[in-house]
Amino acid sequence: MNLDRNKASLVDAIDAGLLAGVVTLVWHAGEVRQVNELGYRDVEARLPMERDTIFRIASMTKPVTVAAAMSLIEEGKLALTDRVANWLPELADMRVLAEPRGPLDRTVPAQRYITVEDLMTHRSGLAYMFSVLGPLSDAYRKLPTRQDQDRWLSELAALPLVHQPGERLTYSHATDVLGIALSRIEGKPLSEVLTERVLGPLGMSDTAFHVGTTGRRRAATMYQLDSDNKLRHDVMGPAPIADPPFCPGGAG
Numbered sequence: 037m038n039l040d041r042n043k044a045s046l047v048d049a050i051d052a053g054l055l056a057g058v059v060t061l062v063w064h065a066g067e068v069r070q071v072n073e074l075g076y077r078d079v080e081a082r083l084p085m086e087r088d089t090i091f092r093i094a095s096m097t098k099p100v101t102v103a104a105a106m107s108l109i110e111e112g113k114l115a116l117t118d119r120v121a122n123w124l125p126e127l128a129d130m131r132v133l134a135e136p137r138g139p140l141d142r143t144v145p146a147q148r149y150i151t152v153e154d155l156m157t158h159r160s161g162l163a164y165m166f167s168v169l170g171p172l173s174d175a176y177r178k179l180p181t182r183q184d185q186d187r188w189l190s191e192l193a194a195l196p197l198v199h200q201p202g203e204r205l206t207y208s209h210a211t212d213v214l215g216i217a218l219s220r221i222e223g224k225p226l227s228e229v230l231t232e233r234v235l236g237p238l239g240m241s242d243t244a245f246h247v248g249t250t251g252r253r254r255a256a257t258m259y260q261l262d263s264d265n266k267l268r269h270d271v272m273g274p275a276p277i278a279d280p281p282f283c284p285g286g287a288g
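Numbering (this note's numbering), first residue to last: 37 to 288.
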C-alpha cells in the first residue's frame, strides 16, 4: 500500500494556505499504516499539530447522540415509534408552514406527532437556519444557544415546522432535540449520558462538550477560508473549558 500521495496532497494544501494543519491516520487490516501530523494547530503561535491534538467535531456529535439513544432503545426505555412529546411536551401540538418560504403566521396543524425515529433521521420538520429559506430561516438565526436546554427548546417549539413530520428529510436541530429527550429520560445532563453510554466504554477520554484548562493547550484553533481563500479565525471561537449551559446533541 503506497500512501505517499496521501501525505503529499495534504502538504500541498497546507503549503497553499488552504489548511492550517491536519492529523490523519490510516488503519488497514487491523494495523496503523500511516500517521501524519502536519502544519499547525495554531498558525499565529506556531504550535504544531500533534497526534493528541484535540479537534472540534461539530456535527459528528450527532452519531454519538444517536448511539446513546439506541442503547436506551435496547433497554426498553424508549422506542423508535414513540412520540417525543412523551418527554418533550413542548412539541405536542406543532404547526407546519403552509408554504416553506411563507410567513410564520400562515400555518396548518401537524398531521401526526414527531417520533424518535423522525429526530434520528431528520424527518421531523425541524430545520437549521441554513437548511431553509424565508422568514423561518431568520427565526432560526435568532435562536439563542447560550441558555439552558429547556428555554432553548421552548423557543424552538414556538416556531412552525417547515414540512409535515415524516414527509421528507431536512437537515436540522433534530439531534439537539433528541439529546434533550435523553437528558430528561435519564434525569441527568446529556454530557453525562454520552460519557456513561458511549464515550466512557470506548475510552474516548478527550471527547466532551469542553476541553478543560489543560486540554485547551492541545486544542486546534478553528479556521475557515474567506472569499479570497485566506485562512481566518472561525466564529466558533476557542473551545470551552467547562460545559456550556446547553450541550447540544447535534453539535460540539
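For each residue, glycine too, the CB sits at the ideal point set by N, CA and C.
* the stretch 105-113 in contact with the stretch 134-145 per 3-pair CB rule at 8 Å -> no
* Let me know if residue 61 comes out buried or exposed under the rule of 16 or more other beta-carbons within 10 Å of its beta-carbon. => In the sequence shown, residue 61 corresponds to position 25, counting from 1. That one is exposed.
* In the DSSP assignment, find the unbroken alpha helix (DSSP H) run with residue 110 in it and report its ends. => Reading the sequence shown from its first residue, position 74 is the one you call residue 110. Unbroken alpha helix (DSSP H) run through residue 110: 97-110.
* Check each candidate in 251, 54, 156 and 169 and name the one with the smallest Cα separation from residue 119. => Stepping through the sequence shown from its first residue, residue 119 is reached at position 83. It is 156 whose Cα lies nearest to the Cα of residue 119.
* To do: Alpha carbon to alpha carbon, how far is residue 175 from residue 206? Give it in angstroms, no decimals.
  => For this step, residue 206 is matched to residue 170 along the sequence shown. For this step, residue 175 is matched to residue 139 along the sequence shown. Cα to Cα, the separation comes out at about 16 Å.
* To do: Could you tell me whether the stretch 159-173 touches the stretch 85-99, where touching means 3 or more Cβ pairs closer than 8 Å?
  => Touching, no, given that fewer than three Cβ pairs across the two stretches are closer than 8 Å.
* With burial defined as no fewer than 16 other Cβ atoms inside 10 Å of the residue's Cβ, what is the status of residue 269: buried or exposed? -> The count along the sequence shown starts at 1 and reaches residue 269 at position 233. Label assigned to residue 269: exposed.
* Take residue 195 and list the residues in its own chain whose beta-carbon comes closer than 6 Å to its own, dropping the five residues that flank it on each side. => Taking the first residue of the sequence shown as 1, we reach residue 195 at position 159. Once the five neighbours on either side are set aside, the close Cβ partners of residue 195 are 175.
* Asked: According to DSSP, what are the bridge partners of residue 246?
  -> Indexing the sequence shown from 1 puts residue 246 at position 210. According to DSSP, which records beta bridges pairwise, residue 246 is partnered with nothing at all.
* Would you kindly work out how many angstroms separate the C-alpha atoms of residue 214 and residue 126, rounded to a whole number? => Here residue 214 refers to the residue found at position 178 of the sequence shown. Here residue 126 refers to the residue found at position 90 of the sequence shown. C-alpha separation (whole angstroms): 13 Å.
* With a CB to CB cut of under 8 Å and the five nearest residues on each side skipped, what residues in its chain are close to residue 47? -> Within the sequence shown, numbered from 1, the residue matching residue 47 stands at position 11. Excluding positions up to five away in sequence, the list reads 74.
* Exposed or buried, residue 64, counting other C-beta atoms within 10 Å across all chains shown (16 or more means buried)? -> Counting from 1 along the sequence shown, the entry for residue 64 is found at position 28. The residue in question, residue 64, is exposed, as its Cβ has fewer than 16 Cβ neighbours within 10 Å.
* Which residues bound the alpha helix (DSSP H) around residue 176? -> For this step, residue 176 is matched to residue 140 along the sequence shown. Element bounds for residue 176: 171-177.
* Asked: For the candidate residues 72, 240 and 68, whose alpha-carbon lies nearest to that of residue 43?
  -> Position 7 of the sequence shown, counted from the first residue, corresponds to residue 43. The candidate whose alpha carbon is nearest that of residue 43 is 72.
* **Three-state class that DSSP yields for residue 277 in the structure shown** => Your numbering for residue 277 matches position 241 in the sequence shown. Coil.
* Helix or strand or just coil, what does DSSP make of residue 289? -> For residue 289 there is no data in the structure shown, the boundaries of the chain being 37 and 288.
* Please name the residue or residues paired with residue 63 in a DSSP beta bridge. => Your numbering for residue 63 matches position 27 in the sequence shown. DSSP lists 68 as partners of residue 63.
* May I ask whether a heavy atom of the ligand MN can be found less than 7 Å away from the beta carbon of residue 140? => Of ligands this structure carries none, so the ligand MN is not represented either.
* Quick one: any contact between the stretch 231-251 and the stretch 170-190, if contact means 3 or more CB pairs under 8 Å? -> no
* Drop a sphere of 10 angstroms on the beta-carbon of residue 229, count the other beta-carbons inside from all chains shown, and report buried for 16 or more, exposed for fewer. => The count along the sequence shown starts at 1 and reaches residue 229 at position 193. Its Cβ being crowded by 16 or more others within 10 Å, residue 229 is buried.
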